[in-house]
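Asker: Be aware that the sequence shown starts at 12, since it is given in our numbering, and climbs by one per residue.
Built from N, CA and C at the ideal position, the CB exists for glycine as well.
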Amino acid sequence: MAQLPKISIVTVVYNGALTIEDTIQSVLSQDYPNLEYIIIDGASTDGTLDKVNPYRDRIAQVISEPDKGIWDAMNKGLQRATGDVIGILNSDDVYAHSNVLSKVMNVFEEHPTIEAAYGNLKYMDRGLTKVIRDWKSRPYDQRFFEYGEMPPHPTFFAKRSLYDRVGYLDLNFRLGADYELCFRAMRVHQLPTKWIDDCLVHMRIGGESNRSVKNIVDQHRLNMKAWTIHGLPVPLSFHYGKFIHRLKQFL
Numbered sequence: 012m013a014q015l016p017k018i019s020i021v022t023v024v025y026n027g028a029l030t031i032e033d034t035i036q037s038v039l040s041q042d043y044p045n046l047e048y049i050i051i052d053g054a055s056t057d058g059t060l061d062k063v064n065p066y067r068d069r070i071a072q073v074i075s076e077p078d079k080g081i082w083d084a085m086n087k088g089l090q091r092a093t094g095d096v097i098g099i100l101n102s103d104d105v106y107a108h109s110n111v112l113s114k115v116m117n118v119f120e121e122h123p124t125i126e127a128a129y130g131n132l133k134y135m136d137r138g139l140t141k142v143i144r145d146w147k148s149r150p151y152d153q154r155f156f157e158y159g160e161m162p163p164h165p166t167f168f169a170k171r172s173l174y175d176r177v178g179y180l181d182l183n184f185r186l187g188a189d190y191e192l193c194f195r196a197m198r199v200h201q202l203p204t205k206w207i208d209d210c211l212v213h214m215r216i217g218g219e220s221n222r223s224v225k226n227i228v229d230q231h232r233l234n235m236k237a238w239t240i241h242g243l244p245v246p247l248s249f250h251y252g253k254f255i256h257r258l259k260q261f262l
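Okay, structure coming up:
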């Protein structure tokens with residue numbers, strides 16, 4: 012029997028001792044067998060590695076060293092990954108169920124021409140017991156980014172060949188490098204994708220981009236920069252569409 016394609020999952024963490032074990036268990040409990048798991052730690056000082064160490068025999072790589080921030084850490088993981096498909100699960104987040112990766116890999120098998128797939132995401136309270144926001148995405152079309160949308164990055168799974176073609180996360184974006192990467196791949200390069208209409212990830216509320224009004228404003232400004240650096244005008248619909256899209260997540 013031919014071996015199943017490999018999927019690599021990258022988790023980046025810095026001082027995440029309180030939640031990293033939830034994330035690790037979420038990944039290792041997936042029912043997809045050909046899994047490579049990589050953890051990139053930014054030289055944590057809170058005992059994060061003490062939480063990681065009991066699982067080392069099931070983790071392909073654990074790298075612990077200083078980095079230039081979350082996007083640099085993600086790039087390290089992406090560059091080390093050897094899977095046919097790569098996903099990123101942050102150290103605050105968990106997969107919504109145990110067959111997320113099987114479902115993702117089935118989509119790539121059923122649609123061999125796609126370069127990436129993405130799904131839906133729920134923002135949860137810190138205890139992962141209450142839904143705060145429900146981010147339901149939709150199939151990509153030309154109006155997707157024009158109306159302020161983007162794939163939820165923790166649900167974004169891409170073939171390794173996508174990164175070979177379009178490059179990695181741009182460290183010049185303090186916030187919103189995930190937006191710019193998805194924009195570059197889907198809008199600029201027009202690489203084919205598939206939406207999975209299922210909640211794939213539960214994300215604890217409180218990510219860097221959502222921690223303050225200033226960060227939300229800065230992220231919006233940097234999302235506009237993603238358009239201009241690629242020589243595209245920012246449409247008016249981008250501004251009100253993004254607001255409406257976020258508001259709908261609470262309804």
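For the alpha helix (DSSP H) that contains Met85, what are its first and last residues?
Answerer: To locate residue 85, count along the sequence shown from 1; it is residue 74. 81–91 is the span of the alpha helix (DSSP H), which, as asked, contains Met85.
Asker: Would you kindly work out how many angstroms separate the C-alpha atoms of Gln201 and Ile143, rounded to a whole number?
Answerer: Mapped onto the sequence shown, residue 201 falls at position 190. Mapped onto the sequence shown, residue 143 falls at position 132. If I take the Cα positions, the gap works out to 32 Å.
Asker: Between the C-alpha atoms of Leu46 and Arg176, what's the straight-line distance to the nearest angstrom?
Answerer: As a first step, residue 46 must be located in the sequence shown, where it is residue number 35. As a first step, residue 176 must be located in the sequence shown, where it is residue number 165. Spanning the two alpha carbons is a distance of roughly 23 Å.
Asker: So the alpha helix (DSSP H) Val111 belongs to, where does it begin and stop?
Answerer: Here residue 111 is taken as the residue at index 100 of the sequence shown, counted from 1. It spans 111–121 - the alpha helix (DSSP H) in which Val111 sits, taken as one unbroken run.
Asker: Kindly list the residues whose CB is nearer than 6 Å to the CB of Leu180, restricted to its own chain and excluding five residues on each side of it in sequence; keep chain order.
Answerer: As a working note, residue 180 is residue 169 in the sequence shown. These residues qualify, in order along the chain: Trp82, Met85, Asn86, Ala188, Leu192.
Asker: Between which two residues does the alpha helix (DSSP H) holding Leu192 run?
Answerer: On the sequence shown, position 181 is the one that residue 192 refers to. First-last of the alpha helix (DSSP H) with Leu192: 188–194.
Asker: Give the secondary structure of Val245 by DSSP, where H, G and I count as helix, E and B as strand, and everything else as coil.
Answerer: Along the sequence shown, read from residue 1 onward, the residue named residue 245 stands at position 234. Note: Val245 maps to coil in three-state DSSP.
Asker: Confirm, please, whether the CB-CB distance from Trp206 to Gly130 is below 9 Å.
Answerer: Locating residue 130 in the sequence shown gives position 119, where the first residue counts as 1. Locating residue 206 in the sequence shown gives position 195, where the first residue counts as 1. Closer than 9 Å, so yes.
Asker: Taking only three categories from DSSP, how would you classify Gln230?
Answerer: Stepping through the sequence shown from its first residue, residue 230 is reached at position 219. If DSSP states are grouped into helix, strand and coil, Gln230 belongs with the helices.
Asker: Can you list, in chain order, the residues of its chain whose CB lies under 8 Å from that of Arg67, leaving out five sequence neighbours each side?
Answerer: As a position in the sequence shown, residue 67 is number 56, starting the count at 1. These residues qualify, in order along the chain: Val73.
Asker: Since Ile18 and Val24 are thought to touch, with beta carbons under 8 Å apart, how far apart are those beta carbons, to the nearest angstrom?
Answerer: As a working mapping, residue 18 is identified with position 7 in the sequence shown. As a working mapping, residue 24 is identified with position 13 in the sequence shown. With a Cβ gap of about 20 Å, Ile18 and Val24 do not count as contacting.
Asker: So, under 8 Å CB-CB, Phe168 and Ala128 are touching, yes? Tell me the CB distance rounded to an integer number of Å.
Answerer: The residue you call residue 168 lines up with position 157 of the sequence shown. The residue you call residue 128 lines up with position 117 of the sequence shown. With a beta-carbon spacing of about 5 Å, Phe168 and Ala128 fall inside the 8 Å limit used to define contacts.
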